[in-house]
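Chains as they are written, first to last, in our numbering: chain A, 335 to 574; chain B, 246 to 311.
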Amino acid sequence: MHRFANPTRFLRIAAAVQPWMAGLTIVLLGVGLYMSFFTAPPDYQQGESVRIMYVHVPAAWMGMFCYAAMAVASAVALIWKHPLADVAAKATAPVGAAFTFLSLATGSLWGKPMWGTWWVWDARLTSMLILLFLYIGYMALQGAFDDRARGAKASAILALVGAVNLPIIKFSVNWWNTLHQPASVIKMGGPSIDASMLWPLLIMAVGFKTYYVWVLLVRIRQELTANKVRILRLKQVHGG
Amino acid sequence: MAEFFSMGGYGAYVWPSYAMTAVIMAVLLVASLRGLKTTEATFERLKGEMAPAKQNTQETADGDEA
Chain A
335 MHRFANPTRF LRIAAAVQPW MAGLTIVLLG VGLYMSFFTA PPDYQQGESV RIMYVHVPAA
395 WMGMFCYAAM AVASAVALIW KHPLADVAAK ATAPVGAAFT FLSLATGSLW GKPMWGTWWV
455 WDARLTSMLI LLFLYIGYMA LQGAFDDRAR GAKASAILAL VGAVNLPIIK FSVNWWNTLH
515 QPASVIKMGG PSIDASMLWP LLIMAVGFKT YYVWVLLVRI RQELTANKVR ILRLKQVHGG
Chain B
246 MAEFFSMGGY GAYVWPSYAM TAVIMAVLLV ASLRGLKTTE ATFERLKGEM APAKQNTQET
306 ADGDEA
């Protein structure tokens, strides 16, 4: 693991892996979209509106996955001071925020025809909204200090404290009464959803994941290059 | 075809969901790629500017060599 924490080596590997992630994402999302619209059947209760699930559920999973990744990277950055951990956490935040926003927005578009309302203040929806605010707070806090190291530290602590929200989101549908349906894929006893719907869902979910890795690599490369630019600028001022 | 786009009457909810997802994911990707390109260009430019100074001060301009 330590070998990959060397930014120079990481930059080389990232540049090599990036086109593969791009290709994989395009293929997976292409297949996933085709299956979502053409092979997956309409739901016996919800009709064609169930197709929103194939973007809504993977987006919600990614919102939580990215936050978990951000929290772990923040912990590594605080405890071991790995040079890449802070950069990875920072690069993850906008991706996670985008997916969390998408899960809320598509959920709203699904809720209107199925529940009869765009929004309810129940546990699942509210905890997901809090997740979005955590992302926004994280990004705002990072830029709020003149000293970059202090901003990184403060936002890493926020990321860790906010991680308590993740189990609350996951179990909110069991702990409280809610309009939102309970888990049907990740639960004890295996998925209770038919293969014709499960496969497009999983393929879309993997496609979203490779998209995340793709964007993550790009953003980490950008951040590492920006660090080098900063060093050059300092040298230009002090050393020249 | 029209039947496909109507999505059993739910077209007004299904299509915006997919469109919004596509737009946001595309914008984030393009913005990230552009950011990388701009930063890399800045880095190359600065490195070029620093190159003559390097001979005088015996400094290496960056930590690229490992």
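Every residue, glycine too, gets a C-beta built ideally from N, C-alpha and C.
Item to check | Distance between beta carbons of residue 293 (chain B) and residue 382 (chain A), contact taken as under 8 Å | outcome: In the first sequence, residue 382 (chain A) corresponds to position 48, counting from 1. In the second sequence, residue 293 (chain B) corresponds to position 48, counting from 1. In this structure residue 382 (chain A) does not touch residue 293 (chain B) by the C-beta definition: roughly 57 Å separates them, more than the 8 Å allowed.
Item to check | Contact set between residue 259 (chain B) and chain A, taken where Cβ atoms lie within less than 7 Å | outcome: In the second sequence, counting from the first residue as 1, residue 259 (chain B) sits at position 14. Correct list: 382, 383, 385, 386.
Checklist entry - Taking 6 Å as the cut-off, does the CB of residue 364 (chain A) come closer than this to any heavy atom belonging to the ligand NAD? => result As presented, the structure is devoid of all ligands, the ligand NAD included, so that no description of it is given.
Item to check | C-beta contact flag for residue 287 (chain B) and residue 563 (chain A) at 7 Å | outcome: Locating residue 287 (chain B) in the second sequence gives position 42, counting from the first residue. Locating residue 563 (chain A) in the first sequence gives position 229, counting from the first residue. Using a Cβ distance threshold of 7 Å, residue 287 (chain B) and residue 563 (chain A) count as a contacting pair.
Next on the checklist: According to DSSP, is residue 311 (chain B) part of a helix, a strand, or is it coil?
Outcome noted: In the second sequence, the residue the question calls residue 311 (chain B) occupies position 66. Model confidence at residue 311 (chain B) stands at a pLDDT of 42, short of 50, so the residue's coordinates are unreliable; what they give is reported in the following sentence. Coil.
Checklist entry - So residue 512 (chain A) and residue 355 (chain A) are in contact, right, with Cβ under 8 Å, and what is the actual spacing, rounded? => result Numbered from 1 along the first sequence, position 178 holds the residue referred to as residue 512 (chain A). Numbered from 1 along the first sequence, position 21 holds the residue referred to as residue 355 (chain A). Their Cβ separation, rounded to whole angstroms, is 36 Å, which puts residue 512 (chain A) and residue 355 (chain A) out of contact at 8 Å.
Checklist entry - What span of residues does the alpha helix (DSSP H) with residue 494 (chain A) cover, start to end? => result In the first sequence, the residue the question calls residue 494 (chain A) occupies position 160. Here the alpha helix (DSSP H) through residue 494 (chain A) covers 482-496.
Checklist entry - When the distance is taken between beta carbons, is residue 402 (chain A) closer than 7 Å to residue 469 (chain A)? => result For the purposes of this step, residue 469 (chain A) is taken as residue 135 along the first sequence, with counting starting at 1. For the purposes of this step, residue 402 (chain A) is taken as residue 68 along the first sequence, with counting starting at 1. No, the pair does not count as a contact, with Cβ atoms beyond the cut-off.
Checklist entry - Residues in its own chain within less than 8 Å of residue 495 (chain A) by CB, not counting five upstream and five downstream? => result One-based indexing of the first sequence puts residue 495 (chain A) at position 161. None.
Next on the checklist: Within 10 Å of its beta-carbon, does residue 394 (chain A) have 16 or more other beta-carbons around it, so buried, or fewer, so exposed?
Outcome noted: Within the first sequence, residue 394 (chain A) is the residue found at index 60, counting from 1. Buried, by the Cβ-count rule.
Checklist entry - Do three or more CB pairs link the segment 453-462 of chain A to the segment 505-520 of chain A at distances below 8 Å? => result yes
Checklist entry - In the segment 539-570 of chain A, which residues sit with their C-beta less than 8 Å from some C-beta in chain B, listed in chain order? => result 545, 548, 549, 552, 553, 555, 556, 559, 560, 562, 563, 565, 566, 567, 569, 570
Next on the checklist: Is residue 440 (chain A) close to chain B? Criterion is C-beta to C-beta, closer than 7 Å.
Outcome noted: Reading the first sequence from its first residue, position 106 is the one you call residue 440 (chain A). With 7 Å as the cut-off, residue 440 (chain A) counts as an interface residue toward chain B.
Next on the checklist: Can you give me the C-alpha to C-alpha distance between residue 342 (chain A) and residue 478 (chain A), rounded to a whole angstrom?
Outcome noted: For the purposes of this step, residue 342 (chain A) is taken as residue 8 along the first sequence, with counting starting at 1. For the purposes of this step, residue 478 (chain A) is taken as residue 144 along the first sequence, with counting starting at 1. The alpha-carbon atoms of residue 342 (chain A) and residue 478 (chain A) are separated by roughly 28 Å.
Item to check | CB-CB length for residue 366 (chain A) against residue 388 (chain A), believed under 8 Å | outcome: Along the first sequence, one-based indexing puts residue 366 (chain A) at 32. Along the first sequence, one-based indexing puts residue 388 (chain A) at 54. Contact holds; Cβ gap of about 7 Å.
Item to check | Span separating the alpha-carbon of residue 275 (chain B) from that of residue 429 (chain A) | outcome: In the second sequence, residue 275 (chain B) corresponds to position 30, counting from 1. In the first sequence, residue 429 (chain A) corresponds to position 95, counting from 1. Cα-Cα distance, rounded: 12 Å.
Checklist entry - Using a Cβ-Cβ distance under 7 Å, would residue 358 (chain A) count as near chain B? => result By one-based count along the first sequence, residue 358 (chain A) stands at place 24. Chain B, which has no Cβ nearer than 7 Å to the Cβ of residue 358 (chain A), makes this no.
Item to check | Cβ-based contacts, 7 Å cut-off: residues of the segment 251-279 of chain B near chain A | outcome: Listed by position along the chain: 252, 253, 255, 258, 259, 261, 262, 263, 265, 266, 269, 270, 273, 274, 277, 278.
Item to check | residue 381 (chain A), DSSP secondary structure in three states | outcome: As a first step, residue 381 (chain A) is located in the first sequence; it is residue number 47 there, counting from the start. Residue 381 (chain A): strand per DSSP, three-state reduction.
Checklist entry - Taking just the CA atoms, how far does residue 291 (chain B) sit from residue 525 (chain A)? => result Position 191 of the first sequence, counted from the start, is the residue given in the question as residue 525 (chain A). Position 46 of the second sequence, counted from the start, is the residue given in the question as residue 291 (chain B). Approximately 55 Å, taken between the alpha carbons.
Checklist entry - With 16 as the cutoff for other CB atoms within 10 Å, does residue 522 (chain A) come out buried or exposed? => result By one-based count along the first sequence, residue 522 (chain A) stands at place 188. Exposed, by the Cβ-count rule.
Next on the checklist: Assuming residue 433 (chain A) is part of the alpha helix (DSSP H), what are its boundary residues?
Outcome noted: Numbered from 1 along the first sequence, position 99 holds the residue referred to as residue 433 (chain A). 417-449 is the extent of the alpha helix (DSSP H) around residue 433 (chain A).
Item to check | Classification of residue 515 (chain A) by the beta-carbon crowding that lies within 10 angstroms, buried from 16 upward | outcome: Here the question's residue 515 (chain A) lines up with position 181 in the first sequence. By the 10 Å Cβ count, residue 515 (chain A) comes out exposed.
Item to check | Nearest-angstrom beta carbon gap, residue 555 (chain A) and residue 345 (chain A) [assumed within contact, 8 Å] | outcome: By 1-based counting over the first sequence, the position of residue 345 (chain A) is 11. By 1-based counting over the first sequence, the position of residue 555 (chain A) is 221. Indeed they touch by this definition, with Cβ atoms about 6 Å apart.
Next on the checklist: Going by DSSP in three states, residue 554 (chain A) sits in which element: helix, strand or coil?
Outcome noted: Looking up residue 554 (chain A) in the first sequence gives position 220. In this structure, residue 554 (chain A) counts as helix in the three-state DSSP scheme.
Checklist entry - Quick one: is residue 553 (chain A) buried, meaning 16 or more other Cβ sit within 10 Å of its Cβ, or exposed? => result Within the first sequence, residue 553 (chain A) is the residue found at index 219, counting from 1. So residue 553 (chain A) counts as buried.
Next on the checklist: Taking 8 Å as the limit between beta carbons, can you name the residues of its chain near residue 565 (chain A), skipping five residues before and five after?
Outcome noted: Numbered from its first residue, the first sequence carries residue 565 (chain A) at position 231. Excluding residues within five positions, none has a Cβ falling inside 8 Å.
Checklist entry - What is the residue span of the alpha helix (DSSP H) that residue 472 (chain A) lies within? => result As a working mapping, residue 472 (chain A) is identified with position 138 in the first sequence. Residue 472 (chain A) -> alpha helix (DSSP H) spans 457-476.
Checklist entry - Looking at the structure shown, is residue 517 (chain A) part of a helix, part of a strand, or coil, going by DSSP? => result As a working mapping, residue 517 (chain A) is identified with position 183 in the first sequence. In the three-state DSSP reduction, residue 517 (chain A) falls in the coil class, being neither helix nor strand.
Checklist entry - Mind checking if residue 525 (chain A) is an interface residue toward chain B, Cβ cutoff 7 Å exclusive? => result Here the question's residue 525 (chain A) lines up with position 191 in the first sequence. So no, residue 525 (chain A) is outside the interface.
Item to check | Contact set between the segment 416-438 of chain A and chain B, restricted to residues whose Cβ is under 8 Å from the partner | outcome: So the close ones are 428, 429, 432, 435, 436.
Checklist entry - Based on Cα-Cα distance, which residue from A:572, A:497, A:571 lies nearest to residue 406 (chain A)? => result As a position in the first sequence, residue 406 (chain A) is number 72, starting the count at 1. Of the listed residues, the one whose Cα sits closest to residue 406 (chain A) is A:497.
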